[in-house]
Every structure is written in structure tokens, then in C-alpha cells.
Amino acid sequence: MRNTTKLKQILLKYDLDLSMEEDGLLKLTLVDKISGSLASFESSSYSNLISRCYAHFLKQIQLEKRPKRKA
Numbered sequence: 001m002r003n004t005t006k007l008k009q010i011l012l013k014y015d016l017d018l019s020m021e022e023d024g025l026l027k028l029t030l031v032d033k034i035s036g037s038l039a040s041f042e043s044s045s046y047s048n049l050i051s052r053c054y055a056h057f058l059k060q061i062q063l064e065k066r067p068k069r070k071a
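In the working numbering, the protein residues as written are 1 to 71.
Rendered as C-alpha cells:
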């Protein structure tokens, strides 16, 4: 899957902040549009960064689909 496609999917659920440090390290912070929860990722490779964020996105979708346990 292309990075652009992954990014479009991520943007359906999250707002994001992308920045770069002076040493070339990319930093991406995801903010959930509904709950406001944050997740941050760092990498020197844009492709690796998007892949890690997409994996996080898929994991969160799976967690949301699970039925809630009754206490």
C-alpha cells in the first residue's frame, strides 16, 4: 500500500502534527479526533514513520471493534 493511501486512512481518524528536528529526525504526533488521545512516533525515514502510524491506526481500529466486557 502506498504511503499516500495509508496517510489518507490515518487522517480519517486522527489529526496530526509533523515536524523535523535539526538532525533530520521526523516526529509525528497523532491526535484522535473523538477521544483526544495522543500517540507520538519518531523516525529518520518518512516511509517508516507512516508505516508505524498506520500499524497503530489498525491496532486501534481492532481494539474499538472488540466487544466490551461486562464487570
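Using N, Cα and C, we set each Cβ at its ideal position, and we do this for glycine too.
Close Cβ partners of residue i (< 7 Å) along its chain, the five nearest in sequence each way excluded
i, result
"Asp15", "Val31, Lys33"
Helix, strand or coil at residue i according to DSSP, with G and I counted as helix
i, result
"Lys27", "strand"
"Glu42", "strand"
"Ser51", "helix"
Cβ shell of residue i (< 6 Å), same chain only, five flanking positions each side left out
i, result
"Lys6", "Ile50, Tyr54"
Residues near residue i by beta carbon distance below 8 Å, same chain, minus five either side
i, result
"Ser37", "Val31"
Exposure label - residue i; buried when at least 16 CB within 10 Å
i, result
"Leu18", "exposed"
"Leu25", "exposed"
"Ile10", "buried"
Endpoints, beta strand (DSSP E) assigned at residue i
i, result
"Ser19", "14-20"
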